[in-house]
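Have a look at the structure below before the remarks.
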Amino acid sequence: MRVEQVDFVSVPTRDSARAVAWYRDVLGLPVSEFTEGEVETPNVTLSFWNPEADGEPFQPNAAGIALRVEDVAAAVEEVRANGAEVIGIHDSGVCHMGFVKDPDGNVLILHRRYKPRG
Amino acid sequence: MTIEVERADFIGVPVQDLKRADEFYGKTLGLRRNQNSGERWVEYELGNVTLALVSPEAMGPDFEARGHQMPIALRVPDVEEARRKLEAEGVEFLHETIDSGVCHIANFADPDGNTLQLHRRYAPYRDGSLP
C-alpha cells in the first residue's frame, strides 16, 4: 500500500477545550481553521480526542511528539514558567530533548538536532 | 509568552521488540526507513513527518512499551483497498470502516498495540480544496 503522508496525530485528552487553549497559548500553535479540536504544527495536525467520551479509558501518550524549537533549554523554561510539568532535558549525542507534559500528562519533546545527519 | 515551534520533528511510537516493529513498518506498511536509523533507533519518513520507533534499545532495558491509543492517521489513496492488502498480510482491524461524513477511517494496531489509522478525506475543506 502507499502512504502519502500523515494527515493527523490524535492526542488523548480529558478536556478538549483546555487542550486546544494550552497548545495555542503555551506552545503558540495555531488553532485549525477547518476542524474543531485541532491545532496545526507547521507540518502535521494534532487532533484532540476524548476517549472517555467514547467510553474508552483515558491513557496519556508516553512516547512523545517531538516539536522542533531553536533553543531547547530556553523553550523548556518558557513552558515551565507557564506552569507545565518538566521531566528534564536529555542530550542524546545528536540532539537535545526537553521532556515536558501537557495538562493531560501527554509527553512532548522540545527537540533540536545539533549534529549533522549522515 | 509562547515558544516558537518550527515543525513536528517526529512522532514517537513505543515498541518492545524493535526488529519485529521494523519488519511491520518497513515491510507490511511499506514505509521508507531513513538514514538516521541504526541498531537502537529506527525512523520512517512519511513525507510530512517522521515516525520514530522508541524501544528498550534506545531507552534502556526497563522500558515498557505500552501501546499508545492515539491513532496516527496515514493518508492512503483508497482506505478499502489498503485495508484489504493489510488484512491479506494478517493485520486485524479494530472495527468496520467508518464513513465520518467527510472521510473514511479504519483503525488497526501494530504488533505492540499502537493504534494506527487508514484515512482518506473525500469531502472538500471549507475553502473548497481537497487533500
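In the order they appear, the protein sequences are chains S and H. Take 1 as the starting number for the first sequence in the numbering used here and just add one per residue. Take 1001 as the starting number for the second sequence in the numbering used here and just add one per residue. From the three backbone atoms N, C-alpha and C, an ideal C-beta is built for every residue, glycine too. No experiment lies behind these values; they were computed from the predicted model shown.
Using the Cα positions of residue i and residue j, report the straight-line distance between them to the nearest angstrom.
i, j, result
"H/A1082", "H/L1118", "8 Å"
"S/I87", "S/D25", "20 Å"
"H/A1058", "S/A84", "26 Å"
"H/R1033", "H/G1012", "15 Å"
"H/A1123", "H/V1079", "14 Å"
"S/D104", "H/A1021", "27 Å"
"H/G1128", "S/F34", "11 Å"
"H/L1074", "H/G1067", "17 Å"
"H/F1010", "H/E1087", "27 Å"
"H/T1115", "H/A1008", "19 Å"
"S/P42", "S/G28", "11 Å"
"H/Q1016", "H/D1110", "11 Å"
"H/F1093", "S/R80", "40 Å"
"S/T3", "S/K101", "Note on identity: in this sequence residue 3 of chain S is Val, with Thr being the wrong assignment. Cα to Cα, the separation comes out at about 30 Å."
"H/P1014", "S/A17", "27 Å"
"H/W1041", "H/Y1025", "13 Å"
"S/N50", "S/R14", "5 Å"
"H/L995", "S/G55", "The structure shown has nothing for residue 995 of chain H, since chain H only spans 1001 to 1131."
"H/G1060", "H/V1054", "10 Å"
Can you tell me whether residue i is buried or exposed? The criterion is at least 16 other CB atoms within 10 Å of its CB, across all chains shown.
i, result
"S/E78", "buried"
"S/V52", "One point to set straight first is that residue 52 of chain S is Glu, not Val, in the sequence displayed. S/E52 comes out exposed."
"H/F1108", "buried"
"H/T1097", "exposed"
"H/E1023", "exposed"
"S/S92", "exposed"
"H/V1102", "exposed"
"S/A75", "buried"
"H/V1005", "buried"
"H/Y1044", "buried"
"S/E38", "buried"
"H/H1104", "buried"
"H/D1062", "exposed"
"H/D1099", "exposed"
"H/L1031", "buried"
"S/G98", "buried"
"S/V20", "buried"
"H/P1071", "buried"
"H/Q1069", "buried"
Would you identify the three-state DSSP class for residue i, choosing helix, strand or coil?
i, result
"H/G1026", "helix"
"H/P1014", "strand"
"S/A21", "helix"
"H/P1061", "coil"
"S/D7", "strand"
"H/A1045", "Rather than Ala, the amino acid found at residue 1045 of chain H in this sequence is Glu. Here H/E1045 sits in strand by DSSP."
"S/K115", "coil"
"S/D54", "helix"
"S/V39", "strand"
"S/V44", "coil"
"H/R1020", "helix"
"S/A81", "helix"
"S/V76", "helix"
What do you reckon, is the C-beta of residue i under 7 Å from a heavy atom of the ligand MG?
i, result
"S/V100", "As far as ligands go, the structure on display features none, and thus does not contain the ligand MG."
With DSSP as the reference, identify every bridge partner of residue i, one or two as the case may be.
i, result
"S/P12", "S/W49"
"H/D1099", "H/H1104"
"H/I1072", "S/V9, H/L1116"
"H/T1050", "H/F1010, H/E1045"
"S/D71", "Per DSSP, none; premise fails for S/D71."
"S/L108", "S/I65, S/V100"
"H/R1032", "H/E1045"
"H/A1109", "H/T1115"
"S/I89", "S/G98"
Cβ contact (3+ pairs, closer than 8 Å) linking the stretch 94 to 114 of chain S and the stretch 58 to 72 of chain S: yes
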